[in-house]
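In this note's numbering, the protein residues as written are 19 to 159.
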């Protein structure tokens with residue numbers, strides 16, 4: 019494990035209550051793995067179930083955390099990122115409160131400020147969601 023809790027906030031531009039990652043499990047080459055424990059007070063929890071927008075935000079923030087980690091080890095500022103497109107989103111099931119999800123991000127392509135990623139979300143080792151995203155990074159000034 020690389021970072022957990024408050025340390026994670028140094029790697030992403032988001033701030034509570036919009037933080038959907040709490041652990042950086044690994045970051046190597048073009049793959050990032052994050053963890054997140056779903057709490058009852060999460061803004062994307064409804065009827066004790068983590069909803070679709072939370073899953074999407076978790077994938078995006080997991081990708082951001084990988085970029086933030088690379089920036090941190092290179093003493094660079096963490097850039098802002100924006101979701102440009104979501105493709106082939108599939109949500110097979112939604113996790114309940116107190117579940118731990120693990121999200122794997124694979125960087126497929128990087129062209130200028132655009133990054134294409136594939137994200138897969140697991141709960142209890144079962145694939146519960148996957149998507150491709152095009153993410154644009156705002157260059158640091």
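The C-beta atom is built at its ideal place from N, Cα and C for all residues, glycine as well.
Where residue i falls: helix, strand or coil (DSSP)
i, result
"residue 9", "There is no way to answer for residue 9, as the model of the chain reaches only from 19 to 159."
"residue 77", "helix"
"residue 131", "coil"
"residue 36", "coil"
"residue 91", "helix"
Bridge-paired residues (DSSP) for residue i
i, result
"residue 49", "46, 124"
"residue 141", "119, 144"
"residue 62", "Bridge partners of residue 62: none, in fact."
"residue 155", "99"
"residue 150", "105, 136"
"residue 174", "The first residue shown for the chain is 19 and the last is 159, placing residue 174 beyond what the model contains."
Status (buried if at least 16 other CB within 10 Å, exposed otherwise) for residue i
i, result
"residue 19", "exposed"
"residue 22", "exposed"
"residue 99", "buried"
"residue 24", "exposed"
"residue 103", "exposed"
"residue 36", "exposed"
Beta-carbon proximity check, residue i vs residue j, cutoff 7 Å
i, j, result
"residue 83", "residue 42", "yes"
"residue 90", "residue 50", "no"
"residue 29", "residue 87", "yes"
"residue 137", "residue 73", "no"
"residue 235", "residue 68", "With the chain covering 19 to 159 only, the question about residue 235 has no answer from this structure."
"residue 63", "residue 144", "no"
"residue 109", "residue 70", "yes"
"residue 152", "residue 97", "no"
"residue 52", "residue 121", "yes"
"residue 117", "residue 56", "yes"
Any C-beta of chain B under 7 Å from that of residue i
i, result
"residue 55", "Considering every chain present, this structure includes no chain B. It has just one protein chain."
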